[in-house]
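Heads up: the sequence shown at position 3 corresponds to 3 in full-length UniProt numbering, and the numbers run straight through without jumps. C-beta atoms are modelled at their ideal positions from N, C-alpha and C, and glycine is treated no differently.
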Amino acid sequence: MPLSFNGGMAFSGLPHNLLGPQMYPQGMSCWNGTMRSPWQNKDQACNVLNLSPSLSNGELIVRGSPRPVRNMLNQGMPLSNGLARPRAHSNVGAFSNEDSFIIQGDGLNYVMINKGLDCSRGLNKAKDIGASKHREGRSQLDNWSQFAPACGNSKNAAKLCTSFSLPPKYNSLAEAREYIYLIAKDQHGCRFLQRLFDEGTREDVEMIFKEIIDHVVELMMNPFGNYLMQKLLEVCNEQQRMQILLMATEEPGQLVRISLNTHGTRVVQKLIETLKTRQQISLVVSALEPGFLSLIKDLNGNHVVQRCLQCLSCEDNKFIFIAAAKYCVDIATHQHGCCVLQRCISHSTGEYRDNLVEEISSNGLLLAQDAYGNYVVQFILELKIPSATSTLISQFEGNYVHLSSQKFSSHVVEKCLMVLNDESRSKLIHELLSTAHFERLLQDPHANYVVQTALRVSEGSLHNSLVEAIESHKAISRNSPYSKRILSQKLLKK
1 MPLSFNGGMA FSGLPHNLLG PQMYPQGMSC WNGTMRSPWQ NKDQACNVLN LSPSLSNGEL
61 IVRGSPRPVR NMLNQGMPLS NGLARPRAHS NVGAFSNEDS FIIQGDGLNY VMINKGLDCS
121 RGLNKAKDIG ASKHREGRSQ LDNWSQFAPA CGNSKNAAKL CTSFSLPPKY NSLAEAREYI
181 YLIAKDQHGC RFLQRLFDEG TREDVEMIFK EIIDHVVELM MNPFGNYLMQ KLLEVCNEQQ
241 RMQILLMATE EPGQLVRISL NTHGTRVVQK LIETLKTRQQ ISLVVSALEP GFLSLIKDLN
301 GNHVVQRCLQ CLSCEDNKFI FIAAAKYCVD IATHQHGCCV LQRCISHSTG EYRDNLVEEI
361 SSNGLLLAQD AYGNYVVQFI LELKIPSATS TLISQFEGNY VHLSSQKFSS HVVEKCLMVL
421 NDESRSKLIH ELLSTAHFER LLQDPHANYV VQTALRVSEG SLHNSLVEAI ESHKAISRNS
481 PYSKRILSQK LLKK
């Protein structure tokens with residue numbers, strides 16, 4: 001696209017076949033002395049070309065070229081990559097680098113006049129800025145119709161012009177026809193198409209569907225296109241939904257890749273919400289199952305797993321329950337996985353739930369000491385499933401003092417004090433009291449919370465024993481900031 005600096009003009013990034021004479025007389029306009037295409041917005045036109053270390057002393061070293069390019073226009077030579085071969089002019093300078101060339105110098109007007117361009121406006125005419133803003137805001141889809149023939153067809157135009165700015169408004173779907181795929185990736189265009197889903201006819205939906213069906217995977221992961229795809233899934237018929245699903249699952253791992261994408265995850269969740277037939281559900285399950293572990297541990301992908309749990313039947317979700325039980329330690333010790341694992345337990349039933357709870361409980365001692373696993377263990381304790389609780393207690397007994405002194409496992413010990421029956425709670429507190437260095441628990445930054453919880457939940461003689469033990473170490477523990485919290489408790493009364 002044309003950029004200018006120091007009275008110069010530059011063209012960059014356009015395909016070779018677009019730099020023919022037919023592009024200059026019609027499509028170009030000027031803004032403050034800078035030539036620009038009809039598809040380029042004002043900000044692009046007035047960007048200052050960054051001078052790289054390669055450009056110095058009127059020369060530009062071309063990558064892959066054994067010599068610098070020096071005023072090739074003056075010599076009447078072609079540029080390094082054949083982009084243009086203008087007539088020589090003594091006051092026109094040129095530089096070339098890869099897919100771009102720069103024209104600058106006093107003879108710039110010569111180039112403009114001979115190419116039929118009007119760049120007579122000066123850089124210091126501020127009133128032209130407002131006019132440029134006004135022109136930029138107008139909707140002119142015919143600019144795209146001029147560009148498409150130069151590219152060969154609309155599909156080539158789509159590939160070559162993805163960086164060009166689309167007009168912000170569209171008068172009708174008829175004007176946008178054959179460019180709907182491009183419009184879908186534009187902020188304003190996407191909203192225009194979404195409104196048609198609400199206000200238009202079935203024929204409008206069908207037209208939009210036909211033009212984007214070959215691009216649904218790309219649109220699902222597009223910052224704007226993903227919203228159009230979500231809306232389309234709400235209004236399309238079952239045949240169209242099936243076509244979308246077939247495109248999304250055409251390649252192995254493709255639906256998982258979309259699910260891991262920041263924008264794609266929203267579309268896949270919407271897809272799961274709108275599944276109607278057994279064939280559709282089977283396709284989604286088969287596509288997601290191989291990537292389950294990646295999904296459940298991913299910031300975006302874990303929401304897809306949770307949407308399956310919410311929208312699909314227990315039998316359809318069995319691939320989730322089986323894999324979650326198999327990899328429970330790996331999942332439970334992960335930031336995102338630990339949350340989804342708890343959802344798996346909540347949504348599972350029968351043997352699937354039993355297997356999950358059993359696998360987690362059997363690894364209770366390990367998980368209790370983990371930054372994320374401790375939450376899963378606490379969740380199991382809150383369920384008060386006798387077999388699971390018994391499995392956990394058998395691992396914790398004899399380790400309560402050690403667990404109480406650790407940051408994460410101390411939360412698990414507190415949970416045990418709150419949910420266990422009287423017998424198990426009594427054993428836990430007696431284990432704490434029987435330690436040779438009980439005063440260390442009072443002064444520990446984590447264990448002191450366990451002692452405070454024990455004071456709150458204990459009763460009778462057990463509570464009195466705990467108070468006596470604390471009072472006996474009062475002199476030693478008085479100066480500790482952590483034991484002060486215990487000593488200030490009103491519960492220190494028999």
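In terms of alpha-carbon separation, which member of Tyr227, Ala174 and Pro223 lies closest to glutamate 206?
Ala174
Rounded to whole angstroms, how far is the Cβ of valine 267 from the Cβ of valine 304, which I believe are closer than 8 angstroms?
Actually they are not in contact, since the Cβ atoms of valine 267 and valine 304 sit about 10 angstroms apart, beyond 8 angstroms.
Buried versus exposed, by CB contacts within 10 Å (16 or more), glutamine 279
exposed
Can you have a look at lysine 210 and say buried or exposed, based on whether 16 or more other CB atoms are within 10 angstroms of its CB?
That one is exposed.
Between asparagine 222 and the rest of its own chain, which residues show a CB-CB distance below 6 angstroms, the 5 nearest in sequence each way excluded?
Take asparagine 222, set aside five residues on each side of it, and the residues of its chain with a beta-carbon closer than 6 angstroms to its own are Lys185, in chain order.
Can you find the residues in the same chain that come closer than 8 angstroms, C-beta to C-beta, to serine 410, ignoring five residues on each side of it along the sequence?
Counting only Cβ-Cβ distances below 8 angstroms, and skipping sequence neighbours, we find Leu403, Ser404, His446, Ala447, Tyr449 and Val450.
Assuming leucine 366 and asparagine 374 are in contact, meaning their beta carbons sit under 8 angstroms apart, how far apart are those beta carbons, in whole angstroms?
No, leucine 366 and asparagine 374 are not in contact; Cβ-Cβ is about 10 angstroms, not under 8 angstroms.
Please state if the CB of valine 285 and the CB of glutamine 254 are separated by a distance shorter than 8 angstroms.
no
Unbroken stretches of the alpha helix (DSSP H), 4 residues or longer, contained in the region 402 to 444:
409 to 419, 422 to 433 and 438 to 443
Looking only at its own chain, which residues have a Cβ that is under 8 angstroms from the Cβ of glycine 200, when we skip the five neighbours before and after it?
Leu173
Can you tell me which of the three DSSP states methionine 247 falls into?
helix
Could you pull out every residue in the same chain whose Cβ sits closer than 8 angstroms to the Cβ of methionine 220, ignoring the five residues on either side in sequence?
Asn226, Met229, Ala248, Ile258, Asn261, His263, Gly264, Val267 and Val268
Beta-carbon proximity list for lysine 125, same chain, < 6 angstroms, skipping 5 on both sides:
Here the model assigns lysine 125 a pLDDT of 42, short of 50, so the residue's position is not dependable, and the following value carries that caveat. Closer than 6 angstroms at the Cβ level, and outside the excluded window around lysine 125, lies no residue.
Cα separation between glutamate 439 and valine 329?
34 angstroms
Would tyrosine 179 pass as a contact of histidine 215 if the rule is Cβ separation under 8 angstroms?
Taking 8 angstroms as the Cβ cut-off, tyrosine 179 and histidine 215 do not qualify as a contacting pair.
Extent of the continuous alpha helix (DSSP H) run through leucine 312
Counting along the chain, leucine 312 falls outside any alpha helix (DSSP H), and DSSP gives it neither H nor E.
Short of 6 angstroms in beta carbon distance, which residues of its chain neighbour isoleucine 345, apart from the five on each side in sequence? Order them along the chain.
Excluding residues within five positions, the ones whose Cβ falls inside 6 angstroms are Leu356.
Beta-carbon gap between valine 256 and asparagine 302 smaller than 8 angstroms
No, Cβ-Cβ distance for valine 256 and asparagine 302 is not below 8 angstroms.
Alpha carbon of arginine 307 to alpha carbon of lysine 326, nearest angstrom
21 angstroms
On the criterion of 16 or more Cβ atoms from any shown chain inside 10 Å, does asparagine 363 qualify as buried, or is it exposed?
buried
Could you give the residue range of the alpha helix (DSSP H) that holds methionine 229?
225 to 235
Just mark glutamate 250 as buried or exposed, buried being the case when its beta carbon has 16 or more other beta carbons within 10 Å.
exposed
Excluding sequence positions up to five away, which residues of its chain have a Cβ less than 7 angstroms from the Cβ of glutamine 406?
Gln369 and His446
Taking the alpha helix (DSSP H) that leucine 173 belongs to, which residues open and close that run?
173 to 176
Please classify leucine 79: does DSSP put it in a helix, a strand, or coil?
Here the model assigns leucine 79 a pLDDT of 41, short of 50, so the residue's position is not dependable, and the following value carries that caveat. Looking at leucine 79 - three-state DSSP - the assignment turns out to be coil, as it is neither helix nor strand.
How many angstroms separate the CA atom of glutamate 273 from the CA atom of glutamate 238?
13 angstroms
Buried versus exposed, by CB contacts within 10 Å (16 or more), glutamine 310:
Of the residues assessed, glutamine 310 falls on the exposed side of the cut-off, its CB having fewer than 16 other CB atoms within 10 angstroms.
Same chain only: Cβ atoms within 8 angstroms of proline 481, ignoring 5 sequence neighbours per side:
none
Should alanine 371 go down as buried or exposed, given a rule of 16 or more other Cβ atoms within 10 Å for buried?
exposed
Note the first and the last residue of the continuous alpha helix (DSSP H) segment covering leucine 182.
180 to 183
Taking all protein chains shown into account, do 16 or more other C-beta atoms lie within 10 angstroms of the C-beta of leucine 455, making it buried, or fewer, making it exposed?
buried
Between threonine 453 and glutamate 397, which are expected to be in contact by the criterion C-beta below 8 angstroms, what is the C-beta distance as a whole number of angstroms?
So it is not a contact: roughly 18 angstroms between Cβ atoms.
Could you check which residue in Leu193, Arg353 and Ile331 has the C-alpha nearest to that of glutamate 315?
Arg353
Close-in-space but distant-in-sequence residues of the same chain around alanine 324 (CB under 7 angstroms, 5 per side omitted)
So the list reads Ile331, Leu341, Cys344 and Leu356, once near-sequence residues are dropped.
Roughly how far, in whole angstroms, is the beta-carbon of serine 348 from the beta-carbon of threonine 391, given that I think they are within contact range, below 8 angstroms?
About 18 angstroms separates the two Cβ atoms, so there is no contact after all.
Relative to the C-alpha of lysine 297, which residue among Phe379, Asp204, Leu245 and His334 is closest?
His334
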